[in-house]
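Q: One structure, as structure tokens, below. Some questions next.
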Amino acid sequence: DGGAYAPLSGQMFLNARWQLDGTGTVRLPAGVDVSGAFHARQGYPFVPFVSASLGADVLPVLVTPAIDTYRYAAVRLVDLRVARRFRSGRLGLDLALDVFNLLNANTDLVRVRNAVAGNYRQLSSYVSPRIAKISLRATF
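Under the numbering used here, the first residue of the sequence shown carries the number 119, and numbering increases by one thereafter.
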């Protein structure tokens, strides 16, 4: 039926029925390397619940017909790297620019699941915004 569900910290259920990953690199003139990575997967289940009291114990009770009745949107991420190596004798310098989440996806990852809470469905985690990193590495 699609596999097992693994709850993560009680807030997210890890179960994606499909996932796609790809990477590639091309060398341009002047020794410039351009690399890219693509990651996509089905959104994980959003599992609303209510708390039920059973004597001294309080247990979460599912309020949907199945654990994957609702799902978050699919996650799609693109990363890019542009790098160039400079050499002078035994000294080498590698200069690189990395951009993570190039398209600045803002996909929801976790929302409050308690259906009777005042903050039900409030966003508590999403994909990190676009980040750029410049690096310089010396070799000798």
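Note that CB positions come from ideal geometry on N, CA and C, so glycine has one too. Quick caveat: nothing in here was measured; it's all calculated off a predicted structure.
(1) State buried or exposed for R231, treating a residue as buried only when at least 16 other CB atoms are found within 10 Å of its CB.
(2) Give the straight-line distance between the Cα atoms of V144 and R199, rounded to the nearest whole angstrom.
(3) Does the separation of the CB atoms of G161 and V181 fall below 8 Å?
(4) Considering only residues of the same chain and omitting the five flanking positions on each side of L262, which have a CB-CB separation below 6 Å?
(5) Give me the residue from D139, A233, A155 and Q240 with the minimum Cα distance to A170.
(6) To test your reading of the DSSP string, which unbroken beta strand (DSSP E) runs of 3 or more residues are found completely within the stretch 157-191?
(7) With H, G and I counted as helix, E and B as strand and the rest as coil, what does DSSP make of G149?
A: Taking the definition as stated:
(1) On the sequence shown, residue 231 is found 113 positions in, with the first residue counted as 1. So R231 counts as buried.
(2) Stepping through the sequence shown from its first residue, residue 144 is reached at position 26. Stepping through the sequence shown from its first residue, residue 199 is reached at position 81. Each residue's Cα considered, the two are about 11 Å apart.
(3) Your numbering for residue 161 matches position 43 in the sequence shown. Your numbering for residue 181 matches position 63 in the sequence shown. Contact flag unset, no.
(4) Not covered by the structure: residue 262. The range shown for the chain is 119 to 258.
(5) Locating residue 170 in the sequence shown gives position 52, counting from the first residue. Among D139, A233, A155 and Q240, the Cα nearest to that of A170 belongs to A233.
(6) 167-172 and 175-180
(7) Against the sequence shown, residue 149 aligns to sequence position 31. Note: G149 maps to helix in three-state DSSP.
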